[in-house]
Structures are given as C-alpha cells and as structure tokens.
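A.B. asks: There's a structure below that I have some questions on.
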Amino acid sequence: AQKITQTQPGMFVQEKEAVTLDCTYDTSDPSYGLFWYKQPSSGEMIFLIYQGSYDQQNATEGRYSLNFQKARKSANLVISASQLGDSAMYFCEGRQLTFGSGTQLTVLP
Amino acid sequence: GAGVSQSPRYKVAKRGQDVALRCDPISGHVSLFWYQQALGQGPEFLTYFQNEAQLDKSGLPSDRFFAERPEGSVSTLKIQRTQQEDSAVYLCASSAPSGVGSYEQYFGPGTRLTVT
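Taken in sequence, the protein lines are chains W and E.
What the first sequence shows, in our numbering, is residues 1 to 109, in sequence order.
What the second sequence shows, in our numbering, is residues 110 to 225, in sequence order.
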C-alpha cells in the first residue's frame with residue numbers, strides 16, 4: 001500500500017511570500033500520481049494540482065506548482081505570492097486514495 | 110453546474126442508534142468515494158463505487174458500516190449501532206472517469222457525525 005507523509009503539522013508565511021509544503025511518498029508501483037488538496041475551515045476539499053509519475057515537467061497551476069523529485073520520492077507543493085485566503089489545511093494524496101496527515105498553513109498579514 | 114452535495118450536514122446520534130448519510134455526486138460522475146475524517150487528520154478511505162458496483166470496501170472499519178449506490182448515482186452510507194468512535198466527518202467525493210487515482214476527486218461539504 002502507498003504511504004504518504006507530511007512532516008509539517010503547521011506552517012506560517014508572510015502575505016505575498018512563497019511557501020513550500022512537504023510531501024513524501026512510498027510506493028513500489030512504477031506508475032503513480034500525487035494530488036494536492038486544500039481544505040478551508042468550511043471543510044470542503046478543493047483539488048489544486050496533480051503530478052503523474054511519467055510527466056516530464058513539474059506541474060504548475062496558477063500560483064501552485066509542484067517540486068517533484070522522483071529519486072527522493074517527494075512532491076512538495078509551492079505556493080507563490082501567498083494570500084490571506086490561502087490559510088487552510090493542505091493534504092497530499094496518492095493514487096491509491098491515501099492521504100497524508102496534512103499541513104495547516106497560516107498566512108500572516 | 111452543481112457540485113457534490115451531502116445530507117445532513119450535521120447529525121447527532123445517541124450511541125446505539127442507526128444513521129444514514131446521503132451523497133449526491135456530480136451528475137454523470139462514474140466513480141464515488143466515501144472517506145472518514147477525524148478532527149485534525151487526513152481523510153481515511155472507506156469505500157469506492159464505480160457506477161452501482163462497490164469495487165472496494167476495504168476501508169470500512171467494521172460490519173456496522175454499509176454503503177450502497179443502487180442506481181449508480183446517489184449513495185448512502187449507513188452506520189448501525191453507532192459508537193462514540195464513529196464520531197467524525199464523513200466525506201463523499203466523485204470523479205468523472207472510472208478507475209481509481211487517475212483523476213481529481215470533487216468533494217462534498219461532508220457530514221459531521223457526533224455520537225453521544
């Protein structure tokens with residue numbers, strides 16, 4: 001079974017700064033993918049970005065990008081130009097429906 | 110279009126009562142997933158449907174948990190003889206294509222179950 005690890009329970013970032021949220025995975029499957037979701041205090045999970053193991057380039061989606069390092073088995077989420085509305089829980093998910101424990105991001109004004 | 114909806118949003122049950130949680134996926138979505146999320150934790154997979162077929166129920170914690178999707182659209186998660194450890198948020202998600210893990214999931218707002 002795939003295991004997803006997020007080692008940062010909480011992170012703080014100043015508004016307009018960039019922040020990196022860590023995610024490592026453990027799988028023996030040569031074909032896999034990683035998803036990132038945002039969960040605001042309202043509770044609804046929102047899809048942010050996806051990286052497939054065979055993708056040639058790191059995924060980007062607006063202010064979100066993935067720093068995907070296959071050799072290190074990491075898929076870190078980078079949020080550029082942080083906004084107050086980015087304050088939320090962030091979850092990394094593997095293809096086998098396994099979620100990490102999440103990182104609570106707080107953006108400071 | 111309409112997103113995934115869940116009802117009720119909040120449910121308080123006395124220990125031993127049966128509860129039924131409903132999920133309305135996005136119209137036309139083939140795949141439907143149920144998760145259990147404890148406070149401050151990531152969602153834990155419960156079960157997965159492709160149309161009306163329940164293809165994976167490995168995450169259901171006990172035989173008190175039962176899920177169905179008889180017509181391949183609306184799904185119901187039933188918990189019999191609720192226990193305090195069942196208190197959690199139950200999330201439903203749907204995905205357009207079939208197959209697990211290839212495409213993003215669209216989540217509902219969840220049902221917060223509190224067992225007293």
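Cβ coordinates follow ideal geometry from the N, Cα and C atoms, glycine included.
Determine, using beta carbons only, whether W:Met-11 comes closer than 8 angstroms to chain E.
C.D. replies: Not an interface residue.
A.B. asks: Whose C-alpha, out of W:Leu-66, W:Ala-88 and W:Pro-30, is nearest the C-alpha of W:Gly-10?
C.D. replies: Residue W:Ala-88 is the option with its Cα nearest to W:Gly-10.
A.B. asks: At 7 angstroms on the CB atoms, spell out the chain W contacts of E:Gly-137, in chain order.
C.D. replies: Correct list: empty, because the minimum Cβ distance to chain W is about 17 angstroms.
A.B. asks: Can you tell me whether DSSP reads W:Gly-94 as helix, strand or coil?
C.D. replies: In this structure, W:Gly-94 counts as strand in the three-state DSSP scheme.
A.B. asks: Taking DSSP as the reference, what is the three-state secondary structure of W:Leu-39?
C.D. replies: Sequence check: residue 39 of chain W is Gln here, not Leu. Here W:Gln-39 sits in strand by DSSP.
A.B. asks: Measuring alpha carbon to alpha carbon, tell me which residue in W:Asp-22, W:Tyr-50 and W:Tyr-54 is nearest W:Thr-60.
C.D. replies: It is W:Tyr-50 whose Cα lies nearest to the Cα of W:Thr-60.
A.B. asks: Counting contacts by CB-CB distance shorter than 8 angstroms, is W:Tyr-50 in contact with chain E?
C.D. replies: Yes, W:Tyr-50 lies at the interface with chain E (some Cβ there is under 8 angstroms from its Cβ).
A.B. asks: Tell me the DSSP bridge mates of E:Thr-223?
C.D. replies: DSSP, once it has assigned bridges, lists E:Val-121 as partnering E:Thr-223.
A.B. asks: Return the Cβ separation of E:Gly-137 and E:Ala-205 in integer angstroms, given the expectation that the two are a contact with Cβ distance under 8 angstroms.
C.D. replies: Sure, about 7 angstroms apart at Cβ, within 8 angstroms.
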